[in-house]
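Numbering (this note's numbering), first residue to last: 2 to 222.
Glycine included, each C-beta is placed from N, C-alpha and C at the ideal position.
Report on the following structure.
Structure follows, in structure tokens:
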């Protein structure tokens with residue numbers, strides 16, 4: 002039986018349409034809840050031209066304010082007493098007014114030129130990586146252990162993603178910096194730590210069984 006060329010073309014178009022529709026449906030189900038969670042920031046998570054990794058100090062409580070002021074004054078005096086200028090020490094002295102969720106930024110790494118960023122971004126838009134039933138919202142000033150943050154930036158727009166010290170919990174910081182949408186993410190903890198360690202942004206954690214090696218005693222003659 003001879004099949005007309007027109008029929009072949011129609012069948013090919015039908016298959017292509019079905020495949021594209023299936024791919025769209027898969028992608029929709031694959032990242033639907035993530036897209037809803039990130040909202041307008043989804044674009045920043047996926048394609049922001051700037052990406053920064055921040056280390057955060059513990060939240061400063063009101064009772065600690067006086068002690069913090071004294072410590073700050075002592076640090077400033079120590080810097081002024083050195084032979085080098087303040088400009089030379091700027092990479093090691095962090096601006097105390099630069100706060101993220103009420104926490105001082107104590108370390109900074111620019112990730113924009115690092116390899117593998119597409120994989121880093123991808124883990125934040127895959128629905129299976131998150132425990133959606135445990136999602137919650139809280140004030141940014143709680144005593145939760147936010148130790149790190151990723152800042153996705155494009156011009157005046159930015160999205161800060163807070164990370165617990167063990168990387169098993171993340172927080173989407175609101176634009177005004179007052180609220181955090183908290184979401185458990187145990188599946189991304191290990192790959193995220195591994196990536197940040199590989200690019201030098203995160204120092205490898207010391208093993209609990211690591212012991213300092215004692216210096217050998219000189220031989221007695």
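If you drop the 5 nearest sequence neighbours on each side, which residues of the same chain put their C-beta closer than 6 Å to that of residue i?
i	result
residue 136	184
residue 39	46
residue 115	200
residue 83	Note that residue 83 scores 42 on pLDDT, short of 50, meaning its location in the model is unreliable; the coordinates nonetheless yield the value given after this. Hits under 6 Å: none found.
residue 35	126 and 128
residue 205	198
With DSSP as the reference, identify every bridge partner of residue i, one or two as the case may be.
i	result
residue 160	153
residue 196	The partner list for residue 196 (beta bridge, DSSP) is empty, contrary to what the question assumes.
residue 54	110 and 151
residue 185	170
residue 139	181
residue 104	101
residue 165	147
Any idea if residue i is buried or exposed, counting beta-carbon neighbours within 10 angstroms, 16 or more meaning buried?
i	result
residue 119	exposed
residue 158	exposed
residue 117	exposed
residue 152	buried
residue 111	exposed
Confirm, please, whether the CB-CB distance from residue j to residue i is below 8 Å.
i	j	result
residue 150	residue 105	no
residue 163	residue 54	no
residue 49	residue 128	no
residue 51	residue 154	yes
residue 165	residue 146	yes
residue 182	residue 138	yes
So, is the C-beta of residue i closer than 8 Å to a C-beta in chain D?
i	result
residue 108	Absent from the structure is chain D; it holds one protein chain and no more.
Nearest by alpha-carbon distance to residue i: which of the options is it?
i	options	result
residue 168	154, 182 and 186	186
residue 170	52, 131 and 156	131
residue 101	173, 191 and 200	173
residue 61	142, 49, 48 and 191	142
residue 188	147, 107, 146 and 125	125
residue 199	181, 176 and 121	121
residue 192	56, 34, 114 and 123	123
residue 175	156, 56, 140 and 144	140
residue 148	37, 103 and 43	103
Just to confirm my understanding: we take residue i, look at its own chain, exclude 5 residues before and 5 after, and list those with CB closer than 7 Å. What are they?
i	result
residue 194	168 and 203
residue 144	60
residue 109	53 and 55
For residue i, which residues in the same chain have their Cβ closer than 8 Å to its Cβ, ignoring the five residues on either side in sequence?
i	result
residue 99	105 and 106
residue 177	none
residue 180	138, 139, 140, 141 and 174
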